[in-house]
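Residues in the sequence shown are numbered from 669 upward in steps of one, following the working numbering.
Reviewing the structure listed below.
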Amino acid sequence: ALDYVSAIGMKQITTHDHELAAYALHHLREIEGIRIFGEAEHRSSVISFLVGNIHHFDMGTLLDHLGIAVRTGHHCTQPLMQHLGIEGTVRASFAFYNTREEVDALASGIKQVSRMF
669 ALDYVSAIGM
679 KQITTHDHEL
689 AAYALHHLRE
699 IEGIRIFGEA
709 EHRSSVISFL
719 VGNIHHFDMG
729 TLLDHLGIAV
739 RTGHHCTQPL
749 MQHLGIEGTV
759 RASFAFYNTR
769 EEVDALASGI
779 KQVSRMF
């Protein structure tokens with residue numbers, strides 16, 4: 669794994685991750701009712717969100733049925749969730765092997781699930 673990452677280059681990986689996160693944020697912010705947690709300018713390529721009154725587990729389960737993998741729950745941050753007044757979030761994580769097409773599929777999937785509620 670180290671050889672694989674070294675061959676790509678950490679600078680290229682970091683640049684790709686930041687660009688993909690910015691692309692994802694731009695498209696996710698266009699979704700009606702979405703609430704993104706963590707709007708820091710300098711961020712990782714992890715995006716936590718909720719949409720309307722859709723329970724995070726329901727969103728994750730339905731996205732999974734569409735072939736889109738996300739994590740749901742409190743992500744071992746119960747004190748933060750309690751502070752925010754929520755039970756959990758949906759979390760999408762992007763890495764150097766993800767593509768803009770996969771971000772587009774996520775945004776499309778969220779919109780499709782939202783129409784069910």
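All C-beta atoms in this analysis are idealised placements derived from N, C-alpha and C, irrespective of residue type, glycine included.
Is there contact here, the region 702 to 709 with the region 679 to 690, by at least three beta-carbon pairs under 8 angstroms?
Contact between the region 702 to 709 and the region 679 to 690 is absent, because fewer than three Cβ pairs lie under 8 angstroms.
Would a C-beta distance cut-off of 7 angstroms place residue 771 and residue 758 closer than the cut-off?
Numbered from 1 along the sequence shown, position 103 holds the residue referred to as residue 771. Numbered from 1 along the sequence shown, position 90 holds the residue referred to as residue 758. No, these two residues do not count as a Cβ contact at 7 angstroms.
Distance, Cα to Cα, residue 793 vs residue 768?
Summary: the structure shown does not reach residue 793, with the chain confined to residues 669 through 785, and so no result is reported for it.
Which residue spans inside the region 720 to 771 form an unbroken alpha helix (DSSP H) run of at least 4?
Qualifying alpha helix (DSSP H) stretches, in chain order: 724 to 733, 746 to 752.
Can the beta-carbon of residue 781 be found closer than 7 angstroms to that of residue 727?
The count along the sequence shown starts at 1 and reaches residue 781 at position 113. The count along the sequence shown starts at 1 and reaches residue 727 at position 59. Yes, these two residues count as a Cβ contact at 7 angstroms.
Determine the extent of the beta strand (DSSP E) in which residue 704 is found, giving its start and end residues.
For the purposes of this step, residue 704 is taken as residue 36 along the sequence shown, with counting starting at 1. Per DSSP, residue 704 belongs to the beta strand (DSSP E) from 702 to 705.
Cα separation between residue 742 and residue 714?
One-based indexing of the sequence shown puts residue 742 at position 74. One-based indexing of the sequence shown puts residue 714 at position 46. Near 14 angstroms, if we compare the C-alpha coordinates of residue 714 and residue 742.
Which residues does DSSP list as the beta-bridge partners of residue 717?
The residue you call residue 717 lines up with position 49 of the sequence shown. DSSP output for residue 717 lists 704, 758 as bridge partner(s).
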